[in-house]
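Report on the following structure.
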Amino acid sequence: MNDFISIDQVTENMCTKYSGSVPNELVTIWREYGMGTLLGGYLKLINPDDFQDILEEGYFRSEVSIPIFATSMGDIITWEDNRYVRKLNYRMGTFEGIAAGFEFFLDDLASDYFKEKYFDLVQYQEAVERFGEPTYDECFGYIPLLALGGAEKVENLQKVKLREHILFISALAGPIQGVGIMESAFKIAKKISEQQYTSEDICKYLNSASISIVYQTLKEVAERSMQETNVLNEVKAIAMSEKEISGKGLGSTTMRLIAIATLKELGYSTLFDSLDADDKNLVMGAFL
Numbered sequence: 001m002n003d004f005i006s007i008d009q010v011t012e013n014m015c016t017k018y019s020g021s022v023p024n025e026l027v028t029i030w031r032e033y034g035m036g037t038l039l040g041g042y043l044k045l046i047n048p049d050d051f052q053d054i055l056e057e058g059y060f061r062s063e064v065s066i067p068i069f070a071t072s073m074g075d076i077i078t079w080e081d082n083r084y085v086r087k088l089n090y091r092m093g094t095f096e097g098i099a100a101g102f103e104f105f106l107d108d109l110a111s112d113y114f115k116e117k118y119f120d121l122v123q124y125q126e127a128v129e130r131f132g133e134p135t136y137d138e139c140f141g142y143i144p145l146l147a148l149g150g151a152e153k154v155e156n157l158q159k160v161k162l163r164e165h166i167l168f169i170s171a172l173a174g175p176i177q178g179v180g181i182m183e184s185a186f187k188i189a190k191k192i193s194e195q196q197y198t199s200e201d202i203c204k205y206l207n208s209a210s211i212s213i214v215y216q217t218l219k220e221v222a223e224r225s226m227q228e229t230n231v232l233n234e235v236k237a238i239a240m241s242e243k244e245i246s247g248k249g250l251g252s253t254t255m256r257l258i259a260i261a262t263l264k265e266l267g268y269s270t271l272f273d274s275l276d277a278d279d280k281n282l283v284m285g286a287f288l
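Counting from 1, position 54 in the sequence shown corresponds to residue 54 in the UniProt record's numbering; the numbering is continuous, with no gaps.
Below, the structure is given as structure tokens:
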């Protein structure tokens with residue numbers, strides 16, 4: 001928070017409202033710093049009330065998500081399930097987990113590797129050099145939208161209003177990618193628990209999806225089927241290398257790590273605890 005620039009103070013009512021729903025560290029930051037920007041204006045600390053309606057418009061996990069940051073490239077960063085930090089990339093129509101805890105996220109903000117992997121600082125800095133830094137309520141937006149055939153190049157960026165631009169993308173390009181896949185997966189989750197499908201089938205069904213969506217689906221399926229031991233046993237077998245599965249672009253080792261992450265989510269952390277530091281970091285960074 002060394003380069004934080006305060007824009008506005010936070011009311012005690014806001015801190016009280018979200019106490020227990022967001023990390024204590026975040027409430028402390030609100031009280032000490034207020035709303036504002038950091039990372040050269042790229043990252044914006046926001047009032048969740050100002051962006052919750054945007055999530056409800058086009059993000060299928062809005063009920064368990066609280067918007068806590070926005071970026072000057074038009075992304076929203078959420079706190080989900082009172083545990084995970086995720087980034088919603090509206091211009092690309094995608095979402096991804098970026099930290100398995102708020103304290104990890106704060107630490108990662110000092111990591112060049114983390115910022116290069118999850119933030120679009122190169123594009124942002126090029127745009128700032130050409131157009132100047134956006135104000136707190138602005139971001140850079142591609143015109144025409146990428147989803148409508150626009151090219152991802154700096155000369156196509158313009159300063160636009162942050163909220164309005166995200167809502168505009170949602171209206172024209174549709175909700176965050178993955179909603180349809182997840183909803184379809186939920187519909188057949190019951191068949192999985194009735195032994196008409198296995199976790200291998202669900203992975204094959206999603207073999208063209210991203211790792212995060214496959215993982216999230218396994219998690220949801222397992223959670224919905226906790227009373228059905230066959231599904232949990234399928235995931236355990238994959239995690240213990242007793243059964244190998246793979247999908248398009250997803251090897252058996254990756255699937256094993258996904259299964260281990262799934263079990264950890266559900267309270268079965270023995271396999272995760274047995275991993276070496278590198279594998280733990282891989283699981284935490286990619287799937288949790």
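No residue lacks a Cβ here, since even glycine has one placed at the ideal position from N, Cα and C. Values in this document were obtained by computation on a predicted structure and should not be read as measured data.
Verify whether the separation of the beta carbon atoms of residue i and residue j is less than 7 Å.
i      : j      : result
Val22  : Ile66  : yes
Ile176 : Leu88  : yes
Asp137 : Leu162 : yes
Val235 : Ala261 : no
Ala239 : Leu263 : yes
Using a Cβ-Cβ cut-off of 7 Å, state whether residue i counts as contacting chain D.
i      : result
Pro134 : You won't find chain D in this structure, because it holds only one protein chain.
For residue i, count the other beta carbons within 10 Å of its own beta carbon; 16 or more makes it buried, fewer makes it exposed. Which is it?
i      : result
Asp81  : exposed
Val122 : exposed
Ala209 : Residue confidence is low: Ala209 scores 44 on pLDDT, short of 50, so the model does not pin down where it sits. No coordinate-derived value is stated.
Glu56  : exposed
Ile192 : The pLDDT assigned to Ile192 is 45, lower than 50, so where the model puts this residue is not dependable, and the model offers no usable value.
Gln227 : Bear in mind that a pLDDT of 47 at Gln227, under 50, signals an unreliable position, so the model cannot answer this.
Arg31  : exposed
Gly174 : exposed
Ile46  : buried
Ser72  : buried
Ile181 : Model confidence at Ile181 stands at a pLDDT of 40, short of 50, so the residue's coordinates are unreliable and nothing is read from them.
Pro17  : Before going further, note that residue 17 is Lys rather than Pro in the sequence given. By the 10 Å Cβ count, Lys17 comes out exposed.
Who pairs with residue i in a beta bridge, going by DSSP?
i      : result
Pro67  : Thr78
Phe95  : Leu88
Val160 : Cys139
Met35  : Asp8
Val22  : Ser19
Let me check understanding here. Comparing Cα to Cα, which of the options lies closest to residue i?
i      : options                        : result
Gly132 : Lys236, Lys243, Asp107, Gln158 : Gln158
Val128 : Ser241, Gly36, Gly41           : Gly41
Thr37  : Val27, Thr28, Ile5             : Ile5
Glu103 : Asn24, Leu275, Ser269, Tyr124  : Asn24
Cβ contact check for the segment 146-156 and the segment 166-176: 3 or more pairs under 8 Å: yes
Any contact of the segment 81-95 with the segment 51-68, i.e. 3+ C-beta pairs under 8 Å? yes
Would you call the segment 84-97 and the segment 4-15 in contact, with 3 or more CB pairs under 8 Å? no
Looking at C-beta atoms only, is the number of pairs between the segment 66-75 and the segment 40-55 that lie closer than 8 Å three or more? yes
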